[in-house]
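Take a look at the structure below.
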Amino acid sequence: MVEIQDWNFGGRPRLMVWLRQRIESFEATHPGIKVVQSDKSWNMIREILYTSFSTGTGPDVVNTHANYAAEFGEAGYYYPVNKFPDFDSVKQWFVPELLESTRYKDNYYGLPSSAIAFILVCNRQLFDAAHIAPPRTWSEFRSAARSLTRDTDGDGHIDQFGLVLMGGDKGGFAYRMVPFFYKAGADFMSDDLTRVEFNSPAGVAALTLFAEMYQIDRSITPGFLAYGHSETNDLFCGNRAAMAIEGPWVRGMVNEMSPGKDVFVVSIPVPDSLLDQYETLPTLQDMVMYSVNAHSRNLEASWEFVKYLRNEEADMAWIREDLGAVATTNFAFNSPEAQNVKDLPLYINELRHARPLPTHPRIIALASNTFTPFCQKAIVGELTPKAALDQAAREAQEVIENTK
Amino acid sequence: MKKATPYLLLLPALLFTAFVLGYPLVQNLVNSVRDVSLVSGVGGWVGLSNYANVLDDPLFLSSLRNTLIYALVGTILALVIGLGFALLLNMKIGRITTIASFLYTIPWVISPVVAGFSWKWLLNDHFGIINYWLSSAELIDAGTSWLGDPQTVLACVIFARVWQFYPFAMVMFLAGLQAIPLEQYEAAAVDGATMFRRFFHITIPNLKPVFSVLLVLGVIWSFNDFNIVFVMTRGGPMNASMVLPVLVREFSFVFFDLGKGSALSVMTFMLLVTLSFLYLRIISGRESA
Amino acid sequence: MKRYALAALIIVLSLLVLLPFLWIFSTSLKPLSEVNQYPPEWFSPNMSLKPYADMFFFMPFGIYALNSTIVASSATIITLFVGSLGAFAFSRFQFAGKRVFLLVFLLSQMLPGASVIIPLFQLLKEIGLYDTHVGLILVHSAVLLPFVIWLLYGFFQGIPREVEDAALIDGCSRLSALRRVILPLALPGIGATALFAFLGSWNEFFFALILTSSDATKTIPVGIGLFVGEYNDLWNQMAASAVLFSLPPLMLFALMRKTFVKGLAAGAVK
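Protein sequences, first through last, are from chains A, B and C. For what it's worth, the numbering used here labels the leading residue of the first sequence as 5, then goes sequentially. For what it's worth, the numbering used here labels the leading residue of the second sequence as 396, then goes sequentially. For what it's worth, the numbering used here labels the leading residue of the third sequence as 15, then goes sequentially.
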């Protein structure tokens, strides 16, 4: 009897229910393997992972963001699943662009679990009342935000804002800036991962958009520096914000908070000059993957479990149930059911063109601790966008050079 | 055998301390002079470069400043408020005092994590009840952001900290007040001293030892207090409320640079030791004078 | 007149001081869609006890409560025992290095948790105590010990020597004097210290998070952390668990309040 440990970070109750059922049916179809499942706090994921893996403990199977492929792959914590004999056939299951996100150097460090593409969500009630359509270009975006920033109760204070930003969560904030950078044609890093490129003119233009919306139009919620996803959700569902930058979880989340509330889910707006490429410009992609602990004593059993969690039957759950993210297999992407789920065709199209953050071992630290603070300083006006991005680039370059 | 008795009595406690102070301190010292990071594993000797990295880090000085303010202002405020509450409760006006003395200790009984989250929500700019009250009373504009404004965020976390810590001071002061021999007050009354004079010449001097101890403990605990700041602001916005324990966590668990995290830990430790030393020197100097 | 003014002041202050706790309590009864409204309301249309039931999905609250109780009680007992021995040594003996030892106990509180956790984790892992009650109890005890020793030291100082000397004359050994004479007199102080220690362990979050892994060992603070998620937070259920979690220490405090203050007055604060 083989026992494997599975740690699950985060997840909405529906997902956790699904996971538990899936484990039951796995154990029923694989009599020699027992799965001990443990839910862990997503907030403290790095503390928990580092202390466990650095001492050679840690679970056999764990779900983390694909960004961890670089860090944990480099450190030898995740097992390169391409070494399993049946990997060549397993990899056919997955949409190639998504599978690439789990690759670092020449190895794949996990199987894609679910994907996210960042989009713009618009509060239908507020848009309809103002007779505005969801924006496609930066000009439309800025003007929509301006029109939807108003004093609704006539007391002389603005209490409804065009855009809410999530400034209190450093990682989350970076994820909301980068889609605009990408759509503008700016890269975060060079392909060979040696130079940062977010301070290119296109990047400066993207940041300037937000800086001007905040400082000149005043259409961004003033307290955004303290907002996490709870505050953002509450403002949006409370009709105090008309737009937000979110992902596949948004419709379900809005339904939970305000049942019956309708939203527009649209692509991230593009610079005016690039409107002809609206359908194909990349947004930011983020992905969760299932990985196997390189020090696991039950590699084979762990791999069987991971495959069972990721096969086509499992993947269809992401289509059929509202689990907050998008499926990752070809089967699911091409299934007729996918066409009928609200917004899913949009997400699938975005995912075919989307790009993840660069697979550098330090990317999480770079995005949260270097990119985010400087972007925020530019938005509130402490620095000009160009100065902010240049300084951030200098600091980031140092971090990259210090990475051995 | 007899001479050894005190040492034997202390032995179990010392073993525990070696376990939770000695071993980690040694590990931190060792790690701080090596290149230890997640990606490179435990590397070789790098001398003092981790310490240099910490000193060069743009966040070091501001975090140090914030931590000193958080610890000193937070502790002194908590002591003043604690003393005030203790004096109030000491007036003993019956049942109300009994019930109140229980209710006033509740902030301290609540877990710091829960306290942090609830203050975060109470101070929310749109949905928090504090803004609602203040703007209804026309004292501030509706939607004023407290935690999102780099100018006010440190005050907010200090406020939450004071709320959490004052009951401890209050209880210690209460006990201290009740320990003051009544004869002192009676003698003063006979001499015709006013309430003011009694307060400053009897109450305060008697409470000095309590005050000293509370100050040292309060500052030490605040210096290492992670939960409140982490839960309320994570050190933001834009690192305006970054304090040293949260910075240690950033180095160790966000950048996974354990060498740098250990160096900062050792520096924090040395700073606290120095401050405590100086303070104890000063008060023992005063006592012998 | 002055009495009523004072009473009014006391009541107003009570409400201000309790504001967060009242807010948590109110939140724990609301459905998620009504938790944050504008204008903020103490009462919402669909309040119920449902969050208290729902929270069990994320946490096997009963098991976690049992773990918290086991860990906090054991840590309290251990620290009281070991601490009494040490405090007795400081209080009743003169010996070389006494000041150094006192200082060492003070110093042991000066390392931040984030720097202690990895060495401790590695150590516990080596000796096989990771993810066990015993491991967490030992860590909590070690963390609480310096403060407990200091408090007990104060109490013992407050007990006059003559009492003990009388016992010694009657033929007791030092240790049995400790047991038969000093401890009973110090009982209120010990009660107060026990309360501090229990609270310290009960509320402790960080070490419990890292040093436990399975449901059989996790404590309630660890469970509370699960309500804060990646895309949404279940504030109402978190509030419900926070309310339940605060009840045992509050009850202990209420029961022991009188002994508590009396105990402190008896000697700690000299």
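We put the beta carbon where it would ideally sit given N, CA and C, even for glycine.
Check, Outcome
"Partners in chain B for residue 50(C), counting only beta-carbon separations shorter than 8 Å", "516, 519, 522"
"Closer than 8 Å to chain B by CB, residue 146(A)", "no"
"Cross-chain neighbours of residue 632(B) in chain A, by beta carbon under 8 Å", "171, 172, 229, 230, 380"
"Residues near residue 246(A) by beta carbon distance below 6 Å, same chain, minus five either side", "127, 130, 152, 166"
"Within chain A, the residues that residue 645(B) reaches when beta carbons sit closer than 8 Å", "373"
"Cut-off 6 Å between Cβ atoms - residues of its own chain near residue 230(A), not counting five sequence neighbours on either side", "172"
"Cβ neighbour criterion (16 or more within 10 Å) applied to residue 534(B)", "exposed"
"Nearest neighbour of residue 52(C), chosen from 71(A), 326(A), 163(A) [CA to CA]", "163(A)"
"Within chain A, the residues that residue 648(B) reaches when beta carbons sit closer than 7 Å", "50, 51, 54"
"Selection from 675(B), 403(B), 447(B) that minimises the alpha carbon distance to residue 654(B)", "447(B)"
"Boundaries of the beta strand (DSSP E) in which residue 248(A) is found, first to last residue", "245-250"
"Rounded distance between the beta-carbons of residue 622(B) and residue 511(B), thought under 8 Å", "6 Å"
"Cβ neighbours of residue 583(B) in the same chain (closer than 8 Å, five flanking residues each side left out)", "592, 593, 596, 597"
"Alpha helix (DSSP H) segments (min. 4 residues) lying fully within the stretch 85-170 of chain A", "91-94, 100-103, 128-133, 142-151"
"Pair within 8 Å by beta-carbon distance, residue 290(A) and residue 49(A)", "no"
"Under 8 Å between C-beta atoms of residue 295(A) and residue 113(A)", "yes"
"Within-8 Å CB hit, residue 615(B) to chain C", "yes"
"Contacting positions in the stretch 193-210 of chain C - beta carbon closer than 7 Å to chain B", "none"
"Partner residues on chain C for residue 424(B), Cβ-Cβ distance less than 8 Å", "Result: empty, since nearest Cβ-Cβ is about 11 Å, beyond 8 Å."
"Inter-residue spacing [alpha-carbon to alpha-carbon] between residue 256(A) and residue 328(A)", "7 Å"
"Segment limits, beta strand (DSSP E) that includes residue 38(A)", "37-44"
"Positions along the stretch 174-191 of chain A whose CB lies within less than 8 Å of some CB in chain C", "none"
"Cβ of residue 218(C) within 8 Å of any chain A Cβ", "no"
"Interface flag, residue 411(B) vs chain C, CB-CB below 8 Å", "yes"
"Alpha helix (DSSP H) runs contained entirely in the stretch 197-223 of chain C, provided each spans 4 or more residues", "201-216"
"Range covered by the beta strand (DSSP E) that runs through residue 8(A)", "6-13"
"Anticipated Cβ contact below 8 Å, residue 297(A) with residue 62(A), distance rounded", "5 Å"
"Minimum Cβ-Cβ distance from residue 677(B) to chain C less than 8 Å", "no"
"Proximal residues to residue 445(B) (C-beta, below 6 Å), its chain only, five neighbours per side dropped", "427, 654, 655, 658"
"Residue 224(C): contacting residues in chain A (beta-carbon distance under 7 Å)", "51, 52, 55"
"Beta-ladder partner(s) of residue 69(A), from DSSP", "292(A)"
"First and last residue of the uninterrupted alpha helix (DSSP H) at residue 268(A)", "Looking at the DSSP string, residue 268(A) is not in any alpha helix (DSSP H); the run it does join, the beta strand (DSSP E), is 267-270."
"Residues near residue 39(A) by beta carbon distance below 7 Å, same chain, minus five either side", "8, 10, 27, 30, 31, 309"
"8 Å Cβ cutoff met for residue 227(C) and residue 42(A)", "yes"
"Proximal chain C residues relative to residue 598(B), where beta-carbon distance stays under 8 Å", "Simply none; closest approach about 13 Å."
"Closest by C-alpha distance to residue 217(A), when choosing among 262(A), 268(A), 271(A), 143(A)", "143(A)"
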